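Written out below as structure tokens is the structure these notes cover.
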Amino acid sequence: MPLKKDLLEIQELNSDDIRLIIDTADSFKEVTGRDIKKVPTLRGKTVVNLFYEPSTRTRTSFELAAKRLSADVLNIAVSTSSVVKGETLLDTARNIEAMRADIIVIRHSAAGAPYILAKGLKSSVINAGDGCHEHPTQALLDMFTIREKKGRIEGLTIAIVGDITHSRVARSNIYGLTKMGAKVRVIGPATLIPLEIERLGAEVYYNLDEGIKDADVIIMLRVQLERQGKTYFPDIREYSMQYCLTRERLKSAKDDAIVMHPGPVNWGVEISPELSEDKSTVILEQVTNGVAVRMAVMYLLSGEKS
Amino acid sequence: MKLLIKNSRVIDPANNIDDSLDILVEGNIIKKIAKGIKAEGTAKIIDAKGKIVTPGLIDIHTHLREPGFEYKETIKTGTMAAAAGGFTTICCMPNTNPVNDNRVVTEFILSKSAKEGIVNVLPIGAITKGSQGKELAEIGDMRSAGCVAISDDGRGVMDAEVMRRGLEYTKAFDIPVIAHCEDANLSSGGAMNEGFASTTLGLRGIPKAAEDVMVVRDIALSELTGAKLHIAHVSSAGSVESIRTAKKRGIKVSCETCPHYFSLTEDAVIGYNTNAKVNPPLRTKEDVRAIKEGLKDGTIDIIASDHAPHAVHEKEIEFDYASFGMIGLETSLPLILSLVREGVLTLNDAIAKITINPARLLKLKKGALSEGADADITIIDPEKEWVVDVNNLKSKSKNTPFVEWKMKGKAVMTIVGGSIVYELL
Chain X
1 MPLKKDLLEI
11 QELNSDDIRL
21 IIDTADSFKE
31 VTGRDIKKVP
41 TLRGKTVVNL
51 FYEPSTRTRT
61 SFELAAKRLS
71 ADVLNIAVST
81 SSVVKGETLL
91 DTARNIEAMR
101 ADIIVIRHSA
111 AGAPYILAKG
121 LKSSVINAGD
131 GCHEHPTQAL
141 LDMFTIREKK
151 GRIEGLTIAI
161 VGDITHSRVA
171 RSNIYGLTKM
181 GAKVRVIGPA
191 TLIPLEIERL
201 GAEVYYNLDE
211 GIKDADVIIM
221 LRVQLERQGK
231 TYFPDIREYS
241 MQYCLTRERL
251 KSAKDDAIVM
261 HPGPVNWGVE
271 ISPELSEDKS
281 TVILEQVTNG
291 VAVRMAVMYL
301 LSGEKS
Chain D
1001 MKLLIKNSRV
1011 IDPANNIDDS
1021 LDILVEGNII
1031 KKIAKGIKAE
1041 GTAKIIDAKG
1051 KIVTPGLIDI
1061 HTHLREPGFE
1071 YKETIKTGTM
1081 AAAAGGFTTI
1091 CCMPNTNPVN
1101 DNRVVTEFIL
1111 SKSAKEGIVN
1121 VLPIGAITKG
1131 SQGKELAEIG
1141 DMRSAGCVAI
1151 SDDGRGVMDA
1161 EVMRRGLEYT
1171 KAFDIPVIAH
1181 CEDANLSSGG
1191 AMNEGFASTT
1201 LGLRGIPKAA
1211 EDVMVVRDIA
1221 LSELTGAKLH
1231 IAHVSSAGSV
1241 ESIRTAKKRG
1251 IKVSCETCPH
1261 YFSLTEDAVI
1271 GYNTNAKVNP
1281 PLRTKEDVRA
1291 IKEGLKDGTI
1301 DIIASDHAPH
1311 AVHEKEIEFD
1321 YASFGMIGLE
1331 TSLPLILSLV
1341 REGVLTLNDA
1351 IAKITINPAR
1361 LLKLKKGALS
1371 EGADADITII
1381 DPEKEWVVDV
1391 NNLKSKSKNT
1401 PFVEWKMKGK
1411 AVMTIVGGSI
1421 VYELL
């Protein structure tokens, strides 16, 4: 089996693992483009989406990926589960496993939560985002999209802009992109850049125009609106004056630069609405690719032949 | 009951003794210390060849959890853990439920300890009512009921005016104020040290500055008031440096560190190991180096366990939700002895930091092997190798980051008031 039992983080993968997942996703993307978008790969398997945090995009993407692989899918959202009765995470997961789930996809607001499941369960565990730690499938679909658009990842200059401290997307992408040979820059207010991030191989910029200069790819991160008015930054207005990507500012990047965003976008805060229909913007393609990448991950974790 | 300890190496820093001596215990006191004491008919003879005999160890920072959190630890199980770790006296922090902020709770702890405890238990009272940091507790009354110090341990006293008055008011009672130095605004929401490890783990960090600024503040308040300030669980290089400077300037400040702050770094958290979640958090290699330097040059007077038991359901959960703290009574001694093997401390200095130094801080008539003193004695096998197995620990809780660690050195007999309360000989 090429992958281990679980996919918890990009940090533990090497470039061959990442290439394998992206290559596999290529063939599943072909499937999702067919009229009948379904293969029998995971027939008879059960995939459980265990979501402790609200999510539409990621949950739907995993659900579609599992269904297109012919798996049975169960969605559990925190508000409807027994979590409110005070059951521990491991107890909840053990109960799900006792019903013979093969793959558990977990999203949780606490960093490290998927590790508790991975350690305690025989089922495969996929991290669909844990606190401010990692979001491995998002980074994989971002890398897939970059390779699809640019033909390569190695040697590219990729800027990640926004709240780096609280972003699991940023961490997973920094790990993945540096492993694949890209140059990574992180850009944001100093209050939202975590300590010693340089040690992960990222260059730090506080100024957007300098940071995206000659970049091939710009990944804009979502700003958590609840962080304004605290001590991170004064307000959304000031944030957008400093860090909102406009058509004018985009000129300092390479001519063929692409703009990405894990969604959902706050238009006018992170990205100017004038770019929503621009050819540089590939946000919806990321969403399409997300399904193929998640199919690839589930396929590789299940260790089945298609 | 008479005990005669023979053939041992006696180390008693208080009396400047490091010699091969015999000790005769009669009733609850040390009757005689000399070479070649003749065995009398009724004395139980303890052959301590190859062992080290020290004054009973004293831990000034323990959480016994009773009353209120008996599912984590009780006075009975906590004192059993203490005895197994070589401690004959432990001081219990007031963050129980109810908080030990008045005579009634103090008396409960003392009476329960007299009945069920197997080592000496000395309560520490709260500085403020409910440890809320707002109104002073009845410090004088708790002192007369038996509290040996006051502290709002578990949280800092954020209001500098309250801390100032607490220090000032306590001067009348000649007991130290033990400060938990943490700026709650800086540490808010944090789960581990802020640094490279927190960045990679995506956990909210607690900066060293949260400790450093409060150490500086409390030193300033001690200077202002002339009160006796003791700083608990020093974990950062900045704290060590501030305390060193303050001592040079003659300010009445003392401090302790804990074995985990010189044995582990923030890397112990990697993998979301909740047993390494502790407050203040495990720091970096540079801090560990500074702590060892502080122990060596005497800036750090005392080593305390900060034994903080938590149940499985409070630890085997999401890192953010897990409780802070680790048990330590049964692992402290070997970790301290490893400092001796490393050359950080002499054996004499290491023993002093867990006997006479805490005794002097709290003005206890303990911590020395003097004739006529309480027969609190610990016999240590410095060569004994053992592996930490949570199933063999006496503590009710098992939250230790030292699981599976190979330890060297162990208390093999603990004698409290002339009675053997733990024996492995």
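First to last, the sequence lines map onto chains X and D.
The numbering of the first sequence is the numbering used here, which starts it at 1 and goes up by one.
The numbering of the second sequence is the numbering used here, which starts it at 1001 and goes up by one.
Backbone N, C-alpha and C define an ideal beta-carbon position, used for all residues, glycine too.
Keep in mind it's a predicted model, so treat the numbers as computed, not measured.
Proximal residues to residue i (C-beta, below 7 Å), its chain only, five neighbours per side dropped
i, result
"residue 1205 of chain D", "1190, 1192, 1193, 1194, 1195, 1198"
"residue 1129 of chain D", "1101, 1135, 1137"
"residue 80 of chain X", "Residue placement at residue 80 of chain X cannot be trusted, given a pLDDT of 48 that sits under 50; the coordinates are not used to answer."
"residue 1125 of chain D", "1094, 1100, 1101, 1106, 1137, 1139, 1142, 1147, 1150"
"residue 254 of chain X", "214, 215, 216"
"residue 1169 of chain D", "1136, 1139"
"residue 1167 of chain D", "1177, 1221, 1222, 1225, 1227, 1229"
Three-way DSSP call (helix, strand, coil) for residue i in this model
i, result
"residue 1257 of chain D", "strand"
"residue 13 of chain X", "coil"
"residue 123 of chain X", "coil"
"residue 80 of chain X", "Confidence at residue 80 of chain X is low in this model, with a pLDDT of 48, below 50, so its placement is unreliable and the value that follows should be read with caution. Correct three-state label for residue 80 of chain X: helix."
"residue 109 of chain X", "coil"
"residue 1413 of chain D", "strand"
"residue 202 of chain X", "strand"
"residue 1349 of chain D", "helix"
"residue 1055 of chain D", "strand"
"residue 1313 of chain D", "helix"
"residue 1262 of chain D", "helix"
"residue 305 of chain X", "Residue placement at residue 305 of chain X is flagged as unreliable, the pLDDT there being 42, under the threshold of 50; a coordinate-derived value is accordingly withheld."
"residue 1422 of chain D", "strand"
"residue 185 of chain X", "strand"
"residue 1123 of chain D", "strand"
"residue 1293 of chain D", "helix"
"residue 1015 of chain D", "helix"
"residue 290 of chain X", "helix"
Cutoff 8 Å; reference residue i; Cβ partners in own chain excluding five residues on either side
i, result
"residue 1364 of chain D", "1058, 1089, 1122, 1148, 1358"
"residue 147 of chain X", "22, 153"
Same chain, Cβ closer than 6 Å to residue i, neighbours up to 5 away in sequence not counted
i, result
"residue 289 of chain X", "141, 144, 145"
"residue 1213 of chain D", "1183"
"residue 120 of chain X", "90"
"residue 1082 of chain D", "1090, 1119, 1329"
"residue 1027 of chain D", "1418"
Option in the options with minimal Cα separation from residue i
i, options, result
"residue 1263 of chain D", "D/1124, D/1291, D/1001", "D/1291"
"residue 1328 of chain D", "D/1163, D/1126, D/1390, D/1055", "D/1390"
"residue 1274 of chain D", "D/1252, D/1313, D/1288", "D/1313"
"residue 1286 of chain D", "D/1355, D/1256, D/1071, D/1239", "D/1239"
"residue 36 of chain X", "X/250, X/132, X/226, X/70", "X/70"
"residue 21 of chain X", "X/162, X/137, X/270", "X/137"
"residue 95 of chain X", "X/131, X/112, X/122, X/160", "X/122"
"residue 1218 of chain D", "D/1159, D/1038, D/1033", "D/1159"
"residue 56 of chain X", "X/116, X/128, X/14", "X/128"
"residue 1018 of chain D", "D/1098, D/1425, D/1368, D/1397", "D/1368"
"residue 276 of chain X", "X/204, X/298, X/300, X/246", "X/246"
"residue 207 of chain X", "X/252, X/176, X/168", "X/252"
"residue 160 of chain X", "X/44, X/24, X/221", "X/221"
"residue 1428 of chain D", "D/1012, D/1011, D/1030, D/1016", "There is simply no residue 1428 of chain D to check, as chain D begins at 1001 and stops at 1425 in what is shown."
"residue 154 of chain X", "X/212, X/72, X/15, X/267", "X/15"
Integer-rounded CB distance, given that residue j should sit under 8 Å from residue i
i, j, result
"residue 156 of chain X", "residue 182 of chain X", "5 Å"
"residue 1266 of chain D", "residue 1249 of chain D", "Their Cβ separation, rounded to whole angstroms, is 31 Å, which puts residue 1266 of chain D and residue 1249 of chain D out of contact at 8 Å."
"residue 1331 of chain D", "residue 1244 of chain D", "Actually they are not in contact, since the Cβ atoms of residue 1331 of chain D and residue 1244 of chain D sit about 27 Å apart, beyond 8 Å."
"residue 42 of chain X", "residue 66 of chain X", "7 Å"
"residue 134 of chain X", "residue 171 of chain X", "6 Å"
"residue 1412 of chain D", "residue 1424 of chain D", "4 Å"
"residue 1382 of chain D", "residue 1052 of chain D", "6 Å"
"residue 1045 of chain D", "residue 1006 of chain D", "6 Å"
Within chain C, partners of residue i - CB distance below 8 Å
i, result
"residue 154 of chain X", "The structure shown contains no chain C; its protein chains are X and D."
**Report entry** Stretch-stretch touch, CB-based, cutoff 8 Å, three pairs: the stretch 1091 to 1100 of chain D with the stretch 1062 to 1069 of chain D
**Finding:** yes
Query raised in the report: Does the stretch 246 to 265 of chain X touch the stretch 13 to 30 of chain X, meaning 3 or more C-beta pairs lie closer than 8 Å?
Result: no
Query raised in the report: Would you call the stretch 1150 to 1170 of chain D and the stretch 1109 to 1119 of chain D in contact, with 3 or more CB pairs under 8 Å?
Result: no
**Report entry** Segment contact flag, the stretch 90 to 100 of chain X with the stretch 48 to 65 of chain X, C-beta cutoff 8 Å, min 3 pairs
**Finding:** yes
Query raised in the report: Are the stretch 1069 to 1082 of chain D and the stretch 1308 to 1323 of chain D in contact at 8 Å, needing three or more beta carbon pairs?
Result: Remark: three or more beta-carbon pairs, one from each stretch, lie closer than 8 Å, so the stretch 1069 to 1082 of chain D and the stretch 1308 to 1323 of chain D are flagged as touching.
**Report entry** Sufficient close CB pairs (3 or more, under 8 Å) joining the stretch 1220 to 1228 of chain D to the stretch 1347 to 1358 of chain D
**Finding:** no
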